[in-house]
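Peer 1: Per my numbering: the sequence shown ends with 309, consecutive numbering throughout.
Backbone N, C-alpha and C define an ideal beta-carbon position, used for all residues, glycine too.
First, the structure itself, so that you have it in front of you.
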Amino acid sequence: MLWTLVVPLKPLAVAKSRLAPAAGGLRPGLALAFAQDTVAAAADCAAVGGVVVVTDDPTAGAALAALGAEVVPDEPAAGLNAALRHGARRARSGGRPVPVAALSADLPALRARELQRVLEHASEHGRSFLPDAAGTGTTLLAASPGHALRPLFGGASRAAHRASGAHEITAADVDSVRRDVDTAEDLRAALLLGVGPHSATLAGMQATAYTYSAETRSGSVLLDDGTPVPFDAAAFDAGGLRLLRPGQRVRIRTEGEGGDRRVVFLTLQTFPDPV
Numbered sequence: 035m036l037w038t039l040v041v042p043l044k045p046l047a048v049a050k051s052r053l054a055p056a057a058g059g060l061r062p063g064l065a066l067a068f069a070q071d072t073v074a075a076a077a078d079c080a081a082v083g084g085v086v087v088v089t090d091d092p093t094a095g096a097a098l099a100a101l102g103a104e105v106v107p108d109e110p111a112a113g114l115n116a117a118l119r120h121g122a123r124r125a126r127s128g129g130r131p132v133p134v135a136a137l138s139a140d141l142p143a144l145r146a147r148e149l150q151r152v153l154e155h156a157s158e159h160g161r162s163f164l165p166d167a168a169g170t171g172t173t174l175l176a177a178s179p180g181h182a183l184r185p186l187f188g189g190a191s192r193a194a195h196r197a198s199g200a201h202e203i204t205a206a207d208v209d210s211v212r213r214d215v216d217t218a219e220d221l222r223a224a225l226l227l228g229v230g231p232h233s234a235t236l237a238g239m240q241a242t243a244y245t246y247s248a249e250t251r252s253g254s255v256l257l258d259d260g261t262p263v264p265f266d267a268a269a270f271d272a273g274g275l276r277l278l279r280p281g282q283r284v285r286i287r288t289e290g291e292g293g294d295r296r297v298v299f300l301t302l303q304t305f306p307d308p309v
């Protein structure tokens, strides 16, 4: 059973307003980057047959269409839940009996295999939902064929969806599907999970230089949770550095997970990215 995901996105000029104090002028770009990484990961999920993005923002629409999403305008223009119902109707147009799921657009650390695990649980129920990392909201609401989506997002949506009769998904090891980003603290948590390339380019995970060899131009950094991650000469050279001292704060980008995670770019926290 292949799911169609419905991803709503506000116009970038007003999206992610709670990030404004921390992100400043980067906020619209971050909102788009979050959505790009969300859609890209969703499209890579083996349980997903298509992604419908509901947005009136032409810049976001073009960027997400380039990732393979079907982009439809927010014709109801009546808020988040109306946009999701509109997207679900589009997904099921022509009477197609497809399962649909509403997915938050701000999941920059989303992993395709974790999303697949959540959707496998959802396929066992008529309507189901996954609560967000904070435990009060919802990041995914699913409806199997023959069941209406009935979205109740906004505020304490976890309680609202549970009260509506939807099954609460309690799958383990799906942190990336629950990690939405509304605040600077949320973004730091997503960066520790490992965000996608679009978000990493703008957000830049921070770390502390731990070891460095001038001879090999390689070493390691400590993430803010104390995890050591190595870097090689290519990562060092990519950041335009000439030397590095243990204890300096750096901005990094990483690839891989667990024991395979490595730094692919690092520069001093005060340096801009090379153009």
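1. Taking the alpha carbon of A156 as the reference point, which residue from R276, G293, L39 and L300 has its own alpha carbon closest?
2. Quick one: what's got a C-beta closer than 6 Å to G84's C-beta in the same chain, skipping five residues either side?
3. What residue range is occupied by the uninterrupted beta strand (DSSP E) comprising E289?
4. Which same chain residues, not among the five before or five after A136, have their C-beta less than 6 Å away from its C-beta?
5. Helix, strand or coil, according to DSSP, for R145 in the structure here?
6. Leaving aside the five residues before and after R222 along the sequence, list all residues of the same chain whose C-beta is less than 6 Å from its C-beta, in chain order.
7. At a cut of 8 Å, does the region 211-222 reach the region 158-167 through at least three beta carbon pairs?
8. Out of A243, D271 and F270, which one is the CA nearest neighbour of P262?
9. For P133 and P179, what's the separation of their Cα atoms in angstroms?
10. Can you find the residues in the same chain that come closer than 7 Å, C-beta to C-beta, to T170, ignoring five residues on each side of it along the sequence?
11. Which residues mark the beginning and the end of the beta strand (DSSP E) in which R213 is found?
12. Residues in the same chain with beta-carbon distance under 7 Å from V82, minus the five sequence neighbours each way, listed in chain order, please.
13. Among residues of its own chain, excluding the 5 on either side of D90, which ones have a beta-carbon nearer than 7 Å to its beta-carbon?
14. Residue range of the alpha helix (DSSP H) that F270 falls in?
15. From the DSSP output, in three-state form, read off V40 for me.
16. Examine the Cβ distances between the region 243-255 and the region 62-77 and report whether three or more of them are shorter than 8 Å.
17. Using the three-state DSSP reduction, which class does L114 fall into: helix, strand or coil?
18. Can you look up L257 in the DSSP assignment and give me helix, strand or coil?
19. What's the gap between the Cα of A54 and the Cα of R61?
20. What do you reckon, are the CB atoms on A267 and R251 nearer than 9 Å?
Peer 2: In brief:
1. The residue you call residue 156 lines up with position 122 of the sequence shown. That would be L39, whose Cα lies nearest to the Cα of A156.
2. By 1-based counting over the sequence shown, the position of residue 84 is 50. Non-local beta-carbon contacts of G84 in its own chain, meaning distances under 6 Å to residues more than five positions away in sequence, involve T38 in chain order.
3. On the sequence shown, position 255 is the one that residue 289 refers to. Note, E289: beta strand (DSSP E), R283 to E289.
4. Here residue 136 corresponds to residue number 102 of the sequence shown, with the count starting at 1. Around A136: V40, L118, L175 and P185.
5. Position 111 of the sequence shown, counting from 1, holds the residue named residue 145. Correct three-state label for R145: coil.
6. In the sequence shown, the residue the question calls residue 222 occupies position 188. Correct list: empty, nothing qualifies.
7. Yes, the region 211-222 is in contact with the region 158-167.
8. If you number the sequence shown from 1, residue 262 lands on position 228. Nearest in C-alpha terms to P262, of all of A243, D271 and F270, is A243.
9. Numbered from 1 along the sequence shown, position 99 holds the residue referred to as residue 133. Numbered from 1 along the sequence shown, position 145 holds the residue referred to as residue 179. Looking at the two C-alpha atoms, the distance is approximately 5 Å.
10. Stepping through the sequence shown from its first residue, residue 170 is reached at position 136. Cβ neighbours of T170 beyond the five flanking positions: A190 and R192.
11. Sequence index remark: in the sequence shown, residue 213 carries index 179 (1-based). Unbroken run through R213: none, as it is neither H nor E.
12. Here residue 82 refers to the residue found at position 48 when the sequence shown is read from its first residue. Excluding the 5 residues flanking it on each side, V82 has same chain C-beta neighbours closer than 7 Å at L36, W37, L39 and A76, in chain order.
13. Within the sequence shown, numbered from 1, the residue matching residue 90 stands at position 56. Here D90 has P45, P107 and D108 as same chain residues with Cβ atoms under 7 Å from its own Cβ, once five neighbours each way along the sequence are excluded.
14. Here the question's residue 270 lines up with position 236 in the sequence shown. Per DSSP, F270 belongs to the alpha helix (DSSP H) from A267 to A272.
15. Mapped onto the sequence shown, residue 40 falls at position 6. Three-state DSSP puts V40 in a strand.
16. Contact fails: fewer than three Cβ-Cβ distances are below 8 Å.
17. Counting from 1 along the sequence shown, the entry for residue 114 is found at position 80. L114 sits in a helix when the DSSP states are folded into three classes.
18. Counting from one through the sequence shown, the residue named residue 257 turns up at place 223. Reduced to three states, the DSSP call for L257 is strand.
19. Reading the sequence shown from its first residue, position 20 is the one you call residue 54. Reading the sequence shown from its first residue, position 27 is the one you call residue 61. Cα to Cα, the separation comes out at about 6 Å.
20. Here residue 267 refers to the residue found at position 233 of the sequence shown. Here residue 251 refers to the residue found at position 217 of the sequence shown. Taking 9 Å as the Cβ cut-off, A267 and R251 qualify as a contacting pair.
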